[in-house]
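Visitor: Take the sequence shown: its letter number 56 is residue 56 in the UniProt record's numbering, and every next letter is one higher.
To start, I am sharing the structure in question, which I have written as structure tokens.
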Amino acid sequence: MSAKQGIRNRRQREAEQMQPPKEKKTLIGSILQMPEASLNNMCQIELMSNREALVDGCKGVVEYNEDFIRLNLGNMTVRFCGRALQLRSMSEESVVIEGYIQSVDFIN
């Protein structure tokens, strides 16, 4: 592989990692063989060990203290229980939770 091809491949991988959420949903839909429209109301939760959680598709914070955080996901609620929990960052539809996560409960 030439140096140009290596740089092009690296840039392509970096671009794929930085895809906007809509493109990620399209990719996930094609992998799961589901229509993209059915993914629009779904949330995505990514856990990094038991120390951090990234929640995409969050509609708002329902309850928040250092022992549990409850989030509105539209059609359901999710509750993170643990110790020293905190909201590290929030954007329009994303939340990052840090702390010692002991359990995750889904409530309809």
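Every residue, glycine too, gets a C-beta built ideally from N, C-alpha and C.
1) By the three-class DSSP mapping on this structure, what secondary structure does Leu73 have?
2) Beta-carbon within less than 8 Å of Phe68's beta-carbon, same chain only, minus the 5 sequence neighbours each way: which residues are those?
3) Excluding sequence positions up to five away, which residues of its chain have a Cβ less than 6 Å from the Cβ of Asn72?
4) Which residue from Ile31, Met42 and Leu27 puts its Cα closest to that of Glu93?
5) Looking at the strands, I want to know which residues DSSP matches up with Asp56.
6) Using only the alpha-carbon positions, how far apart do Ser49 and Glu66 sit?
7) Helix, strand or coil for Ser89, going by three-state DSSP, please let me know.
8) Between the alpha carbons of Gly99 and Val55, how many angstroms are there, rounded?
9) Can you tell me which residues form a DSSP beta bridge with Ser103?
10) Tell whether a beta-carbon distance below 8 Å holds between Ile97 and Ala53.
Guide: With the given structure in hand:
1) Reduced to three states, the DSSP call for Leu73 is coil.
2) Here the set comprises Arg79, Phe80, Cys81, Gly82 and Leu85.
3) Answer for Asn72: Lys59, Gly60 and Val62, listed in chain order.
4) It is Met42.
5) Answer is Gln44 and Ser94, bridged to Asp56.
6) Approximately 18 Å, taken between the alpha carbons.
7) Three-state result, Ser89: strand.
8) Approximately 14 Å between the Cα atoms of the pair.
9) Secondary-structure assignment with DSSP links Ser103 through a beta bridge to Cys81.
10) Their beta carbons are under 8 Å apart, which means Ile97 touches Ala53 by this criterion.
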